[in-house]
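A.B. asks: In this note's numbering, the protein residues as written are 3 to 212.
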Amino acid sequence: MQSPKVPEATIKRLSIYMRVLKDLERKGVEVISSAELADICGVNAAQIRKDLTYFGEFGVRGVGYYVKELHFDIRKVLGLNQKRNIALIGVGNLGRALASYRSFTEHGYVFVAAFDVDPKKVGTFLPTGVPIEHLDELPRVAREKHIEIAIVTTPAEAAQDAADAAVRAGIKGILNFAPVQISVPEHVKVKKVDLTTEFDNLVYHLSSGA
Ligand code: NAD
């Protein structure tokens, strides 16, 4: 459904619209004007309309958007209307924190497996009850548990090994938190998360007054 021409910035904004709509739905709001929705999302109404035109016709002239319907449609556009099984690779401070964050599950991202190489950790469990297994077990577990995404939270020097193991296991999406670029075959998608870049960006805006 998703056209390859859709800009990355649009995809990010859709995710924001979706979260706002979910919240509105929870509060019982049935209809919202495009101006109000834009205001809550921190963009302008024209931007929302433009973002949505990539995917079809949404909204009703003179009315705005039906909250529940638009929430459902954006989830579908983003491919979020189904559960995604996730494997955590590297069960340290960051990995544990991510795997304990309940809101991921509410959004359909479920940590079903965790891997490490530290013999003191392998054979133990995450606080959620998920067993921590040796990285060598990834291909078997990925098959059994239909894992689609791996989150890499190993030290930088182990991240490529972790990614290679994920690729060998047939995993097609990797979210990499380690501060290093990892190489993967073309059919595998990698997203890197780097809070330092976000800090740098924030500090730039603080110091430039922009
Ligand atoms: P940590 O040392 O607490 O945890 C790392 C874990 O990875 C350990 O349990 C270790 O045994 C395991 N590990 C090592 N080699 C492995 C391998 N080959 N396969 C599987 N597991 C392996 O580290 P942390 O503080 O949790 O940080 C984890 C990573 O996240 C680091 O690379 C760190 O630089 C990075 N980090 C990134 C951000 C960000 O903004 N992206 C923020 C904080 C930390």
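We put the CB at the ideal spot given by N, CA and C, even for glycine.
These figures come from a predicted structure and were not determined experimentally.
Taking the C-alpha atoms as reference points, what is the distance between lysine 7 and alanine 165?
C.D. replies: Position 5 of the sequence shown, counted from the first residue, corresponds to residue 7. Position 163 of the sequence shown, counted from the first residue, corresponds to residue 165. Distance between the alpha carbons of lysine 7 and alanine 165 is about 27 Å.
A.B. asks: Please confirm whether leucine 90 and phenylalanine 117 have their CB atoms less than 8 Å apart.
C.D. replies: For the purposes of this step, residue 90 is taken as residue 88 along the sequence shown, with counting starting at 1. For the purposes of this step, residue 117 is taken as residue 115 along the sequence shown, with counting starting at 1. Closer than 8 Å, so yes.
A.B. asks: Mapping DSSP to helix, strand and coil, what is aspartate 25?
C.D. replies: Position 23 of the sequence shown holds residue 25. It is helical.
A.B. asks: Are there any heavy atoms of the ligand NAD lying less than 7 Å away from the beta-carbon of phenylalanine 179, as far as the coordinates show?
C.D. replies: As a working mapping, residue 179 is identified with position 177 in the sequence shown. It does: the Cβ of phenylalanine 179 is within 7 Å (strictly closer) of some heavy atom of the ligand NAD.
A.B. asks: For chain B, is any of its Cβ atoms less than 8 Å away from the one on leucine 39?
C.D. replies: Protein chains in the displayed structure number just one, and chain B is not present.
A.B. asks: On the criterion of 16 or more Cβ atoms from any shown chain inside 10 Å, does alanine 158 qualify as buried, or is it exposed?
C.D. replies: Translated into the one-based positions of the sequence shown, residue 158 becomes position 156. With a threshold of 16 other beta carbon atoms within 10 Å, alanine 158 falls short and is exposed.
A.B. asks: Hey, quick one: how far does the beta strand (DSSP E) through isoleucine 173 stretch, first residue to last?
C.D. replies: Position 171 of the sequence shown, counting from 1, holds the residue named residue 173. Where isoleucine 173 is concerned, there is no enclosing beta strand (DSSP E), given that its DSSP letter is neither H nor E.
A.B. asks: Just to check, is the beta-carbon of asparagine 95 closer than 7 Å to a non-hydrogen atom of the ligand NAD?
C.D. replies: In the sequence shown, counting from the first residue as 1, residue 95 sits at position 93. For the ligand NAD, at least one heavy atom lies less than 7 Å from the Cβ of asparagine 95.
A.B. asks: Are the beta-carbon atoms belonging to valine 169 and proline 187 less than 8 Å from one another?
C.D. replies: For the purposes of this step, residue 169 is identified with residue 167 of the sequence shown, where counting begins at 1. For the purposes of this step, residue 187 is identified with residue 185 of the sequence shown, where counting begins at 1. Contact flag set, yes.
A.B. asks: Would you kindly check if the distance between the Cβ of alanine 101 and the Cβ of leucine 128 is under 8 Å?
C.D. replies: One-based indexing of the sequence shown puts residue 128 at position 126. One-based indexing of the sequence shown puts residue 101 at position 99. Cβ distance < 8 Å, so leucine 128 and alanine 101 count as in contact.
A.B. asks: In this structure, how does DSSP classify glutamine 4 when only helix, strand and coil are distinguished?
C.D. replies: Working through the sequence shown from its first residue, we reach residue 4 at position 2. Residue confidence is low: glutamine 4 scores 48 on pLDDT, short of 50, so the model does not pin down where it sits. Its coordinate-derived value is still stated next. Reduced to three states, the DSSP call for glutamine 4 is coil.
A.B. asks: Grab me the residues of glutamine 162's own chain with a C-beta within less than 8 Å of its C-beta, minus the 5 sequence neighbours each way, in chain order.
C.D. replies: The residue given as residue 162 occupies position 160 in the sequence shown. Excluding positions up to five away in sequence, the list reads Val182, Ile184 and Ser185.
A.B. asks: Closest to lysine 85 by CA distance: which of Lys147, Gly30, Leu204 and Asp41 is it?
C.D. replies: Looking up residue 85 in the sequence shown gives position 83. For lysine 85, the nearest C-alpha among the options comes from Lys147.
A.B. asks: Could you work out which residue in Val143, Arg104 and Thr156 is closest to glycine 97 when comparing CA atoms only?
C.D. replies: The residue given as residue 97 occupies position 95 in the sequence shown. Nearest C-alpha to glycine 97: Thr156.
A.B. asks: Please name the residue or residues paired with leucine 90 in a DSSP beta bridge.
C.D. replies: For the purposes of this step, residue 90 is taken as residue 88 along the sequence shown, with counting starting at 1. Under DSSP, leucine 90 takes part in a beta bridge, and its partners are Ala116 and Ile153.
A.B. asks: According to the neighbour-count rule (16 or more other Cβ atoms, all chains shown, within 10 Å of its Cβ), is methionine 3 buried or exposed?
C.D. replies: Start at 1 with the first residue of the sequence shown, and residue 3 comes out as number 1. For methionine 3, the pLDDT reaches just 49, beneath the cut-off of 50, and the residue's location in the model is therefore unreliable, leaving the point undetermined.
A.B. asks: In this structure, how does DSSP classify serine 210 when only helix, strand and coil are distinguished?
C.D. replies: Along the sequence shown, one-based indexing puts residue 210 at 208. Helix.
A.B. asks: Tell me whether serine 36 is buried or exposed, calling it buried when 16 or more other Cβ atoms sit within 10 Å of its Cβ.
C.D. replies: Residue numbering aside, residue 36 sits at position 34 when the sequence shown is read from its first letter. When all chains shown are included, serine 36 counts as buried.
A.B. asks: CB of valine 119 to nearest heavy atom of the ligand NAD: below 7 Å?
C.D. replies: To locate residue 119, count along the sequence shown from 1; it is residue 117. Indeed, a heavy atom of the ligand NAD lies less than 7 Å from the Cβ.
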